[in-house]
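FYI, my numbering numbers position 20 of the sequence shown as 51, with every residue one higher than the one before it. In what follows, a structure is listed as structure tokens, so that the remarks can point back to it.
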Amino acid sequence: MKAILMMSSLLISYLCGFLVMFSMRNHLLLTLISIEFLMVIMFLSLFIYLLIFGYEMYFIVLFLVMMVCEGSLGLSILVSMVRSHGNDMINSLYMMLW
32 MKAILMMSSL LISYLCGFLV MFSMRNHLLL TLISIEFLMV IMFLSLFIYL LIFGYEMYFI
92 VLFLVMMVCE GSLGLSILVS MVRSHGNDMI NSLYMMLW
């Protein structure tokens, strides 16, 4: 019963993360934060799934490594965008094409 309640709350959190990601899609920083939130929710649901069914936790380490790589790549893109354009608005990238 507790597992079903936890999985349903994780599903609601995941949907809220998608809502934030699509509502704040103009700012790169807010999009990256919401993507990290979605990755944490996916990590928790994967951990609960593996814990309930008694599988090994080796995939968790690989998933955490991918989360770190994704976060560092996103932050480096954010830093280079702020240095070149002066803000984190995604719309300013499209204006520079003209």
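Note that CB positions come from ideal geometry on N, CA and C, so glycine has one too.
Compare the C-alpha of residue i against each of the options and name the closest.
| i | options | result |
| --- | --- | --- |
| G105 | M52, L69, L63 and K33 | L63 |
| F94 | G85, S115 and I72 | I72 |
| K33 | I83, Y45 and E67 | I83 |
Alpha carbon to alpha carbon, what distance is there between residue j and residue i?
| i | j | result |
| --- | --- | --- |
| Y89 | F74 | 13 Å |
| H31 | S107 | For residue 31 there is no data in the structure shown, the boundaries of the chain being 32 and 129. |
| R56 | N118 | 14 Å |
| C47 | M98 | 20 Å |
| S39 | I66 | 20 Å |
| L61 | M52 | 7 Å |
| M70 | I35 | 20 Å |
| Y45 | F68 | 8 Å |
| V92 | C100 | 12 Å |
| S123 | S115 | 11 Å |
Just reading off the alpha helix (DSSP H) that residue i is part of, what are its end residues?
| i | result |
| --- | --- |
| M73 | L59 to F84 |
| M98 | Y89 to H116 |
| M120 | Run containing M120: none; DSSP gives neither H nor E here. |
| M37 | K33 to S54 |
Any contact between the segment 74-84 and the segment 109-119? By contact I mean 3 or more CB pairs, one from each, below 8 Å. no
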